[in-house]
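**Student:** Going by my numbering, the sequence shown opens with residue 438, and the numbers climb by one from there.
By construction, the Cβ of each residue, glycine as well, lies at the ideal position given by its N, Cα and C atoms.
None of these values were measured; they are calculated from a predicted model.
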Amino acid sequence: MTTGSFLYGESGGVATLTLNRPETLNSLTFQVYRELTDTFRALADRKDVRVVVLTGAGRAFCTGGDVKEIIGDLLHRDAKGLLEFTRLTCDLIRAMRALPRPIVASLNGTVAGAGAAIALAADLRVAADSARIAFLFVRVGLAGADMGAAHLLPRVVGLGRATELLMTGDFIDASEALRIGLYNRVVAPERLAEETSALVDRLRRGPAAGLAATKQSLNEELHLDLESALDREARVQAELMRGPDFREGFAAFMEKRKPRFEGAPE
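1. Can you tell me which residues form a DSSP beta bridge with valine 488?
2. Among all the DSSP beta bridges, which residues are the ones paired with tyrosine 470?
3. Quick one: grab the DSSP three-state call for arginine 534.
4. What three-state label does DSSP hand arginine 569 in the structure shown?
5. Would you say proline 401 and phenylalanine 698 are within 7 angstroms of each other, going by their C-beta atoms?
6. Excluding the 5 residues preceding and the 5 following asparagine 656 in the sequence, name in chain order all residues of the same chain whose CB lies nearer than 7 angstroms to its CB.
7. Give the straight-line distance between the Cα atoms of leucine 663 and aspartate 566, rounded to the nearest whole angstrom.
8. Do phenylalanine 443 and leucine 456 count as a contact pair if the criterion is CB distance below 7 angstroms?
9. Below 8 angstroms CB to CB, which residues in the same chain sit around arginine 641 once its five sequence neighbours on both sides are set aside?
10. Between the region 667-686 and the region 513-533, do at least 3 Cβ pairs fall closer than 8 angstroms?
11. What would DSSP say about arginine 641, mapped onto helix, strand or coil?
The structure is reproduced here in structure tokens:
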């Protein structure tokens, strides 16, 4: 499937979304925001899709909002219109975090502004060593707190580093992003597809219900105290122990073989 703003493909339980405006370094338009949000919401009901990959065409992953289409338009909007836009951008992050499937951001190049916020909202980030990243919002006179960045980034890299990144808007290179935990893996550009595929293959063969519960727990327990988190995890894990994947996992362990979880590809 091809949308107006990105390429969409499916194979072996993996949905791949490729931002496809390389001539503008995959800058975002109103249409991109809406179509991405709608797609992530639609995928929530697709149990045959076990992992989602988000990447970009050309030499950038995403460089944020399109200067002509979005920024130019915003300068002429009233307060209501501006709030409609900021809620639109946040709705994309909401849809990504609510998706009960792992999202792997395969960062093929520069990651900036809203592109950085989108990469942050993914569950895992595999990056080419050319994929420098910056949360640029303060550089255009706005708050670094945009599209959930002030909520998510401190939980990934710590409050001190998050404060620096969001208050300065400075770029850091891929090696530094890896060192502070913002990137999970960094490889040479020619190995990005291979490294992404290896990680995605592990996830798609994993227990779908268990991975969904893990993502939901990571989301919800951000707001809980330890006692509430322990109670929640006890209930979630006990429920999963009633399912077929737990029995299969135990059988595979005893038989010294790889598990074949429900719905996973052969």
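**Tutor:** Let me lay it out:
1. Translated into the one-based positions of the sequence shown, residue 488 becomes position 51. Paired residue(s): Val451.
2. As a position in the sequence shown, residue 470 is number 33, starting the count at 1. Note: tyrosine 470 sits in no beta bridge, so no partner.
3. In the sequence shown, counting from the first residue as 1, residue 534 sits at position 97. The three-state secondary structure of arginine 534, taken from DSSP, is helix.
4. Translated into positions along the sequence shown, residue 569 becomes position 132. It is coil, neither helix nor strand.
5. Any answer about residue 401 is impossible in this case: the structure gives the chain only from 438 up to 703.
6. In the sequence shown, residue 656 corresponds to position 219, counting from 1. The answer, listed in chain order, is Arg534.
7. The count along the sequence shown starts at 1 and reaches residue 663 at position 226. The count along the sequence shown starts at 1 and reaches residue 566 at position 129. Approximately 37 angstroms between the Cα atoms of the pair.
8. For the purposes of this step, residue 456 is taken as the residue at position 19 of the sequence shown. For the purposes of this step, residue 443 is taken as the residue at position 6 of the sequence shown. Result yes, Cβ atoms of leucine 456 and phenylalanine 443 sit closer than 7 angstroms.
9. By 1-based counting over the sequence shown, the position of residue 641 is 204. So the list reads Gly449, Gly450, Val451, Arg487, Val488, Ala701, Pro702, once near-sequence residues are dropped.
10. no
11. Numbered from its first residue, the sequence shown carries residue 641 at position 204. Residue state, collapsed to three classes: helix.
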